[in-house]
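Listed in order, the protein sequences are those of chains A and B.
Quick note on numbering: the first sequence equals residues 1 to 316 in UniProt numbering.
Quick note on numbering: the second sequence equals residues 1 to 316 in UniProt numbering.
Yeah, the Cβ is synthetic: ideal placement off N, Cα and C, and Gly gets one too.
Notes follow the structure.
2 protein chains.
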Amino acid sequence: MNEFELIRRHFTRATPQAVLGVGDDAAIIQVAPGCALHVSVDMLVQGRHFFADVDPVSLGHKALAVNLSDMAAMGAAPRWALLALALPQVDEAWAAGFARGFFDLAARFGVELVGGDTTCGPLTLSVTIMGEAPQGMALRRSGAQPGDDIWVSGRLGEAALALACRLGRVKDVPQDVLDECLLRLERPEPRVGLGLALRTVAHAALDVSDGLMGDLEHILAASGVGGEIELEALPTHPWLAARRGEHAALIAAGGDDYELCFTAPASAREALAGIAAQCDVALSRIGRIKAGSGTCLLDKDGRAFPLDKKGYDHFA
Amino acid sequence: MNEFELIRRHFTRATPQAVLGVGDDAAIIQVAPGCALHVSVDMLVQGRHFFADVDPVSLGHKALAVNLSDMAAMGAAPRWALLALALPQVDEAWAAGFARGFFDLAARFGVELVGGDTTCGPLTLSVTIMGEAPQGMALRRSGAQPGDDIWVSGRLGEAALALACRLGRVKDVPQDVLDECLLRLERPEPRVGLGLALRTVAHAALDVSDGLMGDLEHILAASGVGGEIELEALPTHPWLAARRGEHAALIAAGGDDYELCFTAPASAREALAGIAAQCDVALSRIGRIKAGSGTCLLDKDGRAFPLDKKGYDHFA
């Protein structure tokens, strides 16, 4: 079996949502009437985005999850994906595991793999995701307004804590905490349902992949506003919450969270409580949008918390 | 300047055809009414698809060209692209050159780069291409019918000859011939206009990227038919044509041609002569579709030419 047969065996599934799936020069898809197509791509490289010994099931999950997270951040319903894979050698067990992780998550969200490419090379994955949202309904980064609350879903810093442990940069984490955090690093849960529910509520949104404070700046810059975040309000694991000062960089700037950060007017607070219950995900109000520019992390006394200067950023 | 600023500087252009281009969690595009979206992805890896010392302008051209060729093979008008790039280091001259090659070709075909991803890693490129064709008008691989003529555009084997020279496997090629063939290897010309013109004429089509005989089998298998090809009818460089027997594998199975191979009924011959003139590309009738299965390369006496067994396939 060569690598192409291997991939055909493991990566070809029925694609009833597509006009034409895997097997021609291109896939053909029909976007629903009244909808626009939302499309993005992520590339994952061994040694940079994942360790060489990562469980292939987890890698298959994560390769798709980070892309579903982009659709969630747009308020788009994910529909179709393409997978480009460079593999150093043919390894059927690896391919089977990767495919299981990928397709299990795809099935949960109704996503079809309609095409791709495989080649020999250093292990590299590139997933293109496509989704639909009604025209004009997308959640963009550019709609934040002064006075908006800033919200984030789920908990921050857990994946970053797991990575810091793995790299030996944090050493005193109990095993049960580490296990929880490793799951967050390896099997992030894309907030697709939340993104859909936020379409009519949020002014601006993105997904937190490179760390909250840095990612929030993209919203502020695109919207021409400023913002402030309260360190004490950031949702995180109880173990990290008890060490909030020491591990502020992990929580506020750690990355790999794949939570949604969004802004909404104060009048939306009650609606958001309902959305949190409906989507079964915690939503935390963590700060506010102001006129001006730039972002500031505040400690519990309302003073600027100097994230970088105190050397808390393990990943700089 | 970090790699992300570098890429933003060189890879962000206006995207008036898109609802939303680079800079959010996803791009937003609106497919024209009555059209379906055609989408495919290719991954190019250093050392496998190109040499480490390749001119970055040529690489930028080729990365897009091979994808445009997929759109041509579907009869789709290319519109939007995504570019995922892993780069070993920040190199502004390289990025500027790559971007020039990419965008010069994109501009010629009205293609907009609407998104992408950049990361650090072994040099790897993944381009996703999206295009439009009226619903039901795509050129598929599955429509070939017994009695159809088999056609190919342009000339075959030139890129493969250049590669064989570069690898030292063919040594007696005059410099002027080599220069012509190197241009075909490094700057393939996607047959986009031809693909559009073939929509109402061809029964089946694909682009020749891995070698004519192997690629043709995809049409035959998808259509449930057989086919035969006349070695003497294959269009190629005069230098190769004079050595057709010796270099049959380069011509018939060399790869990297990025020509269109298609089938059409005999009644379309006159229309195809007009299309060849209109598109300024040679079209050669190289064989015919038959009932049955499998493909056969015939010599000038009508006998099977044993491509593999005589060891002509330098790249097996």
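Check	Outcome
Buried or exposed: which applies to residue 2(A), given that a residue is buried once 16 or more other Cβ atoms fall within 10 Å of its Cβ?	exposed
Any contact of the segment 279-293 of chain A with the segment 220-233 of chain A, i.e. 3+ C-beta pairs under 8 Å?	yes
Tell me, to the nearest whole angstrom, how far the beta carbon of residue 296(A) is from that of residue 150(A); I am working on the premise that it is less than 8 Å.	Actually they do not touch by this definition, with Cβ atoms about 12 Å apart.
Pull up the CB-CB distance for residue 307(A) and residue 249(A), whole angstroms please, since I reckon it's below 8 Å.	6 Å
In chain order, which alpha helix (DSSP H) runs of at least 4 residues are fully inside the UniProt domain "PurM-like N-terminal" (23-132) of chain B?	56-74 and 92-108
How far does the alpha helix (DSSP H) with residue 138(A) in it extend, from its first residue to its last?	Where residue 138(A) is concerned, there is no enclosing alpha helix (DSSP H), given that its DSSP letter is neither H nor E.
Work out the CA separation of residue 28(A) and residue 10(A) for me, nearest whole Å.	21 Å
Along the segment 49-74 of chain B, where does the CB come closer than 7 Å to a CB of chain A? Name the residues.	70, 71, 73 and 74
Anything in the segment 5-21 of chain B with a Cβ closer than 8 Å to a Cβ of chain A? List those residues in chain order, please.	19 and 20
Can you check which of these residues, 196(A), 254(A) and 15(A), is closest to residue 278(A) by C-alpha distance?	196(A)
Are the beta-carbon atoms belonging to residue 223(A) and residue 144(A) less than 7 Å from one another?	yes
Rounded to whole angstroms, what's the CA-CA distance from residue 189(A) to residue 159(A)? Just pull it up for me.	12 Å
Thinking just about the alpha-carbon of each residue, which of 66(A), 204(A), 305(A) and 275(A) is nearest to the one in residue 265(A)?	204(A)
Return the CA-CA distance between residue 94(B) and residue 60(B), expressed in angstroms with no decimal places.	10 Å
Around the Cβ of residue 126(B), are there at least 16 other Cβ atoms within 10 angstroms (buried) or fewer (exposed)?	buried
Out of 40(B), 211(B), 63(B) and 215(B), point me to the one whose CA is closest to residue 156(B)'s CA.	211(B)
So with CB distances below 8 Å, who are the chain A contacts of residue 320(B)?	Residue 320(B) falls outside the range modelled here, since chain B spans only 1 to 316, and no answer is possible.
Residues of the segment 110-122 of chain A in Cβ contact with chain B at a cutoff of 7 Å, in chain order, please.	115, 116, 117, 119, 120, 121 and 122
Between the C-alpha atoms of residue 82(A) and residue 42(A), what's the straight-line distance to the nearest angstrom?	11 Å
List the whole-angstrom C-beta distance separating residue 139(A) from residue 198(A), where the pair is believed to meet the contact cut-off of C-beta under 8 Å.	6 Å
Please state the DSSP three-state secondary structure of residue 11(B).	helix
Mind checking if residue 82(A) is an interface residue toward chain B, Cβ cutoff 7 Å exclusive?	yes
Between residue 25(A) and chain B, is the shortest Cβ-Cβ distance under 7 Å, so that the two count as touching?	yes
By a C-beta neighbour count over all protein chains shown, 10 Å radius and 16 as the cutoff for buried, is residue 20(B) buried or exposed?	buried
Check whether the segment 72-88 of chain A touches the segment 96-115 of chain A, counting contact only when three or more Cβ pairs, one atom from each stretch, lie closer than 8 Å.	yes
Output, in chain order, the set of chain B residues within a Cβ distance shorter than 8 Å of residue 42(A).	84 and 117
Spatial neighbours of residue 18(B) within its chain, please: CB distance less than 7 Å, with the 5 preceding and 5 following residues excluded, ordered by chain position.	27, 28, 29, 80, 112 and 114
Answer yes or no: do residue 119(B) and residue 86(B) have a C-beta to C-beta separation smaller than 7 Å?	yes
Are the beta-carbon atoms of residue 132(B) and residue 32(B) separated by less than 7 Å?	yes
Starting from residue 285(A), follow its DSSP beta bridges and name the residues at the other end.	151(A)
Which stretch, first to last residue, makes up the alpha helix (DSSP H) that contains residue 156(A)?	Per DSSP, residue 156(A) belongs to no alpha helix (DSSP H) and is neither H nor E.
Tell me, to the nearest whole angstrom, how far the beta carbon of residue 25(A) is from that of residue 37(B); I am working on the premise that it is less than 8 Å.	With 8 Å as the limit, residue 25(A) and residue 37(B) do not qualify as a contact, their Cβ atoms being about 14 Å apart.
Residues in the segment 185-215 of chain B with C-beta within 7 Å of chain A's C-beta atoms, listed in sequence order?	206 and 207
Can the beta-carbon of residue 124(A) be found less than 7 Å from the beta-carbon of residue 39(A)?	no
Going by the DSSP bridge assignment, what does residue 259(A) pair with across the sheet?	208(A)
At 7 Å on the CB atoms, spell out the chain A contacts of residue 124(B), in chain order.	86, 121 and 124
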